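The first sequence lines up with residues 1 to 505 when you count with my numbering.
Everything below concerns the one structure shown next.
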Amino acid sequence: MKRVRVRFAPSPTGPLHMGGVRTALYNYLFAKKNGGDFILRIEDTDSHRFVPGAEEYIIESLRWCGIMPDEGLDADGRLASEKSERNPHAPYRQSERKSIYRAYAEQLVAGGFAYYAFDTAEELEKARAEAEGKGETFIYSAATRGALRNSLTLPAEEVAALLKSRTDWTIRFKMPQDRVVVMEDIIRGHIEVNSSTLDDKVLWKRADELPTYHLANIVDDHLMEISHVIRGEEWLPSLPLHYLLYEAFGWERPEFAHLPLLLKPVGNGKLSKRDGDKMGFPVFPLKWVAPDGAESRGYREDGYFPEAFVNLLAMLGWNPGTEQEIFSLQELVEAFSLEKVGKSGAKFNPDKAKWFNKEYLRMKGTEELAALFMPVLEEHGISADKHKVEEITELIKERATFVKDFWDIAWYLFEAPQTYVEKDAAKFFKSENVAMAREALEETDSAIAMEEYIRGKEWPMGKVMNCIRLALTGSSSGLGIADIMRFIGREEALARFRRAEERLL
RNA sequence: GGUGGGUUCGUAUAACGGCUAGUACUCAGGAUUUUCAUUCCUGCAAUAGGAGUUCGAUUCUCCUACCCACUACCA
1 MKRVRVRFAP SPTGPLHMGG VRTALYNYLF AKKNGGDFIL RIEDTDSHRF
51 VPGAEEYIIE SLRWCGIMPD EGLDADGRLA SEKSERNPHA PYRQSERKSI
101 YRAYAEQLVA GGFAYYAFDT AEELEKARAE AEGKGETFIY SAATRGALRN
151 SLTLPAEEVA ALLKSRTDWT IRFKMPQDRV VVMEDIIRGH IEVNSSTLDD
201 KVLWKRADEL PTYHLANIVD DHLMEISHVI RGEEWLPSLP LHYLLYEAFG
251 WERPEFAHLP LLLKPVGNGK LSKRDGDKMG FPVFPLKWVA PDGAESRGYR
301 EDGYFPEAFV NLLAMLGWNP GTEQEIFSLQ ELVEAFSLEK VGKSGAKFNP
351 DKAKWFNKEY LRMKGTEELA ALFMPVLEEH GISADKHKVE EITELIKERA
401 TFVKDFWDIA WYLFEAPQTY VEKDAAKFFK SENVAMAREA LEETDSAIAM
451 EEYIRGKEWP MGKVMNCIRL ALTGSSSGLG IADIMRFIGR EEALARFRRA
501 EERLL
């Protein structure tokens, strides 16, 4: 059996979308499950859409998720340009492979599978407008190519002259007429398309001497010995072209699997950056600052653990067939199979995403979480003892979704409340309660003794305790009174109570 | 418009052609708790519509509807 080799081939036109990360993840899982290789290749054949920093962003995102490629990066973690034992197919950036594609395109022309086209952008634009005027759609194909300027319609001498004199011609694939292309997709099964509905795609552009996606993709997948192409559903319409290209070259083609799309939480359509802005969740793995200065939030900066992010992404479109939902990366590798990937698009649910992080937060050790809490405390100007922070972390970890929630949950252990929630104060800090609370506080020296005291007096426990809580935390919610008093001490508790009396009564 | 793909509770999904269509998130209610949270329990809620095949269809076939993608010298 052929060695499993898959690739993730993003285009550096901006930050990697979480859907892209999922595609990378599924490729990674499939490779590892089958003892194969996961390759990174950058498809930057569109010189106009290149965005500085996007390639580094992609690599850093994969690194954060823990799904590093086996092939494609050099020792410094940059995209490999030089061949090595680890990177036998370098370079992995298509712009650096520029020189290899033309010969393949010419090979197709020589074999009668492609031709030179000399139509200018304006001419094609005009043809499109005319067709649209008649309520039709113009496609460059067997039906129209006979009336256009290309090496199929022009005399050989003129073609030769144009190839020399002009620099704006292209090589187009000669899409066969009325051929039923029969395809097999691992996820979708049997698919048939009649080639007459397809157009003569541009394969190579003389203007910048670069291939288009279709040619570069097929050539590189072949050269890099890719066994399985796992990509987004948006590529399904070009699968017949890719089948035909493999056939024209006489190459064995890889297996294909087209992944369902990631959809927006409400409404219809693909998940986009706007949805995240609107509903308050990230759509990118890491924070991204665009060249124009615009910032997009990232899962990492929002406080997600990479394991949680990977886990939630894995469950969007795939399921293990069991009721298990929490998976480590290693467990995902073991459980993964393309057969269990669904066909329909998956709407992203931000609530469920948070739930995953909460679950991971609870699984973390107190020591680890406390270490993450320390810098948050320092930001608030608090330098606390490590053991004390660990004790506090133990108390609050069950209540938080993100480490950044810790402060909101337990700030009053470090500083006294300056304001009181009006509604809570009105409800609990009433004079009859205050008298009982003051006495209980003053007459005892511990929270446990205080509870005994209140019970002994047969006072209403809830009212008295809430009265104290309001003075200590400023609201009627928070940690247990005993826990709070243990951390702030009796003196501070009394001081806070007196301050509340001054301000509220 | 054309081509292709898709359709189970609000969301993610499960269910050899065969139990009362299961689970998780969200939401609602309850129990526990001095409060809040946790935890536990309960509840709400789905096979898009119509034919056909079959003893029997969420599952197979066809039609309709709706949704999505693609339809560039972008990927």
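Glycine is no exception: its CB is placed at the ideal position from the N, C-alpha and C atoms.
As the structure is a computational prediction, the values presented were derived from the model and not from experiment.
- Residue state for I454 is assigned as helix, using DSSP reduced to three classes.
- Assignment of beta-bridge partners to H222 by DSSP yields no partner.
- For L40, the CB contacts under 6 Å within the same chain, skipping 5 residues up- and downstream, are F8, P69, G72 in chain order.
- For Y116, the secondary structure class from DSSP, reduced to helix, strand or coil, is strand.
- When DSSP states are grouped into helix, strand and coil, H190 belongs to the strand group.
- Excluding residues up to 5 positions away in sequence, G474 lie with their Cβ nearer than 6 Å to the Cβ of Y420 in the same chain.
- In this structure, the CA atom of Y243 is about 28 Å from the CA atom of A121.
- When K340, I186, E158, Y412 are compared, the shortest CA-CA separation from A257 is found for I186.
- The residue from R469, A437, S446, K423 with its alpha-carbon nearest to that of A410 is R469.
- Boundaries of the beta strand (DSSP E) around W204: 202-205.
- By the Cβ neighbour-count rule, Q94 is buried, with 16 or more other Cβ atoms within 10 Å of its own.
- Counting C-beta pairs with one atom in each stretch, the segment 382-402 and the segment 356-370 have three or more that are closer than 8 Å, which means they touch.
- Per DSSP, the unbroken beta strand (DSSP E) holding H228 starts and ends at 228-232.
- Every alpha helix (DSSP H) stretch that sits fully inside the segment 335-411 and reaches 4 residues is listed by chain position as 350-363, 366-379, 386-396, 405-410.
- Nearest neighbour of E379 by Cα position, chosen from N357, K404, G365, turns out to be K404.
- F30 sits in a helix when the DSSP states are folded into three classes.
- In the three-state reduction of the DSSP assignment, S475 falls in the coil class.
- Restricting attention to F38, F30, H89, S11, the CA atom closest to the CA of E56 is found in S11.
- The distance from the Cβ of S296 to that of K273 is about 6 Å, consistent with a contact at the 8 Å cut-off.
- With respect to the 8 Å criterion, R5 and S337 are not classified as neighbours on the basis of their beta carbons.
- Distance between Y304 and N357, taken at the CA atoms: about 6 Å.
- The secondary-structure analysis by DSSP pairs A257 across a beta bridge with I230.
- Per DSSP, the unbroken beta strand (DSSP E) holding D185 starts and ends at 180-185.
- For L271, there is no enclosing alpha helix (DSSP H), as DSSP marks it with neither H nor E.
- About 7 Å separates the beta carbon of A500 from that of F429, a gap short enough to meet the 8 Å contact definition.
- DSSP links E71 through a beta bridge to I39.
- Scanning its chain for C-beta atoms nearer than 8 Å, with the 5 sequence neighbours on each side dropped, one finds around H222 the residues Y246, F249, W251, in chain order.
- Straight across, the Cα-Cα distance linking L316 with M18 is about 11 Å.
- When R206, L413, L79 are compared, the shortest CA-CA separation from E492 is found for L413.
- Per DSSP, reduced to three states, the secondary structure at E209 is coil, with no helix or strand assignment.
- In the displayed model, G19 falls within a helix according to three-state DSSP.
- The Cβ atoms of Y299 and P320 do not sit closer than 8 Å to each other.
- Excluding the 5 residues flanking it on each side, P52 has same chain C-beta neighbours closer than 8 Å at P291, in chain order.
- Closest by C-alpha distance to K201, out of I191, D208, Y213, is Y213.
- Taking each of Q107, G267, A24 in turn and checking the Cα distance to W64, the smallest one comes out for A24.
- Taking 8 Å as the upper bound for CB-CB distance, F348 and K264 are in contact here, some 7 Å apart.
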